[in-house]
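Novice:
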Amino acid sequence: MCLKKVTNQNLDSNLKLLVTNEREILSEILIHIAEVERRKLYLTYGYCSLFEYLTKRIGYANGSAQRRIDAARLSFDAPDVIEKLESGELNLAQVSLLQKSIREVQASSKTKIEPQVKEDLVEKLSNKSFTESEVLVSQALNIKPKEYTKTMHQKDESIRLEITFTKVQWAKLVKMRELLSNSLPYGNSWDQVLEYVSESVIQKKDKSQVVTKKSTVDREKVNKESNSSSFKPEYPVKVARKVIPRVVQRKIFQRDQCCQYKDKNTGKQCESKWRLTIDHIRPVWAGGGNTSENLRVLCANHNREIYRQQAYLSQI
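So the sequence shown is numbered by this note's numbering: it starts at 22 and just counts up by one.
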């Protein structure tokens, strides 16, 4: 199927319709899995468990099979879960989170979670994000926070670290990661973020570290080459761009704080805080200046997309 000539509006509408159909099919699949479980049909076909049946006979990947098993089994005590998955009020990730938590609580407390509790939780989790669901489930089932720090040395000599942060600490870490997003455009995983911060602290605080002149010269050389007249941008620049004063940049970042891109049809704003940049609303080639009224914050992806559109218009 070639979709290159399909309009944006039709592509969006078709995708939403396909997702609706997918959820309807999912609900039918879950009803079938629940009936297979009720009949213990997998035993008839020579499989010792529903999981083995779904992975080896039906062909599901391990994770996909377990998520569907969780949803099908939850439907025995909370029938509304099927309807909510079909409507999109719930997703399989939330259901698996709930079922996994219930299993852990039942195993540790040696008590069974009542069906009414499960029904209430299904209702509470409706239209919630995964993060909100984690908090709700932990509170409802009284799951104690894991406060210990655990390190594990692995066979490739890497170290796996498990640590618990307070809500305030986590907010600070997320904010730090957002602020570093432009410094680490190709590696924003937590290990890369922590490595970057560690190197910065070591360079500033460790007096035994000696910064060689060669590395400094190399960085200056790269900067000069990237800013030299021989550097050719992807699209021709017709008007010299004046540098936006730092005081103005700070003012714009403080004012907007997140990506200001907004869909003209739906009014949906991006609001990403990842790899933020400053963009000219009226482009420089069209006479736009560096006034605060003509500047806005965009994430890197929307900035590139706007630039691509503007560059095309500038050549018409």
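Think of the CB as a built atom: it goes at the ideal place given N, C-alpha and C, for glycine as much as any other residue.
Given the structure is predicted, the values throughout are model-derived calculations rather than measurements.
For the beta strand (DSSP E) that T298 lies in, which residues bound it at each end?
Specialist: 297 to 301
Novice: Looking only at its own chain, which residues have a Cβ that is under 8 Å from the Cβ of T76, when we skip the five neighbours before and after it?
Specialist: A82, N83, A86
Novice: Is V264 helix, strand or coil when you go by DSSP?
Specialist: coil
Novice: Who does V13 pair with in a DSSP beta bridge?
Specialist: Summary: the structure shown does not reach residue 13, with the chain confined to residues 22 through 337, and so no result is reported for it.
Novice: Going by DSSP, name the residue or residues bridged to M173.
Specialist: Partner(s): R181.
Novice: By DSSP's criteria, Q290 is part of a beta bridge. Which residues make up the other side?
Specialist: K283
Novice: Sorted by chain position, which residues of the same chain lie with C-beta nearer than 7 Å to L319's C-beta, five sequence neighbours on each side aside?
Specialist: C280, Q281, Y282, T298, D300, I327
Novice: For Y66, which residues of its own chain have a beta-carbon under 7 Å away from its beta-carbon, when the five flanking residues on both sides are left out?
Specialist: Y74, R78
Novice: Given this structure, state the Cα-to-Cα distance separating L111 from I52, to the nearest angstrom.
Specialist: Going by the C-alpha atoms only, they are around 16 Å apart.
Novice: Find out if the Cβ-Cβ distance for the pair L119, L146 is shorter than 8 Å.
Specialist: yes
Novice: What number of angstroms, rounded off, separates the C-alpha of R267 from the C-alpha of T170?
Specialist: 41 Å
Novice: I believe L201 touches V214 by the beta-carbon criterion, under 8 Å. Please report the beta-carbon distance rounded to the nearest angstrom.
Specialist: Yes, they are in contact, since the Cβ atoms of L201 and V214 sit about 6 Å apart, within 8 Å.
Novice: For the alpha helix (DSSP H) containing D33, name the first residue and the last one.
Specialist: Annotation for D33: the continuous alpha helix (DSSP H) segment containing it runs 29 to 60.
Novice: Quick check on the burial criterion: 16 or more other C-beta atoms within 10 angstroms. Buried or exposed for P100?
Specialist: exposed
Novice: Buried or exposed: which applies to L316, given that a residue is buried once 16 or more other Cβ atoms fall within 10 Å of its Cβ?
Specialist: buried
Novice: Contact criterion: CB-CB distance below 8 Å. Does K225 meet it with respect to chain C?
Specialist: Protein chain content of the structure displayed is limited to a single chain, and chain C is not contained in it.
Novice: Around the C-beta of R89, are 16 or more other C-beta atoms found within 10 angstroms, so that it is buried, or is it exposed?
Specialist: buried
Novice: Flag this pair as yes or no: are the beta carbons of L32 and L24 separated by less than 8 Å?
Specialist: yes
Novice: Whole angstroms are fine: how far does the CA of R329 sit from the CA of V102?
Specialist: 44 Å
Novice: Who are the Cβ neighbours of F274 in its own chain at under 8 Å, not counting the five residues just before and after it?
Specialist: If you ignore the 5 residues before and after F274, its C-beta comes within less than 8 Å of the C-beta of L297, I299, V318, all in its own chain and listed in chain order.
Novice: Taking its Cβ as the centre, do 16 or more other Cβ atoms sit within 10 Å of A93, making it buried, or is it exposed?
Specialist: Flag for A93 reads buried.
Novice: If V116 sits next to D91, beta carbons under 8 Å apart, how far is it from one beta carbon to the other, in whole angstroms?
Specialist: The Cβ separation is near 5 Å, so the contact holds.
Novice: With DSSP as the reference, label K193 as helix, strand or coil.
Specialist: helix
Novice: How would you call A128, buried or exposed, if buried means at least 16 neighbouring beta carbons within 10 angstroms?
Specialist: exposed
Novice: Quick check on this structure: which residue in Q160, A55, K167, S219 has the alpha carbon closest to the alpha carbon of D141?
Specialist: Q160
Novice: Are the Cβ atoms of S313 and K263 separated by less than 8 Å?
Specialist: no
Novice: Count the other CB atoms, across all protein chains shown, that sit within 10 Å of the CB of K105; report buried if there are 16 or more and exposed otherwise.
Specialist: buried
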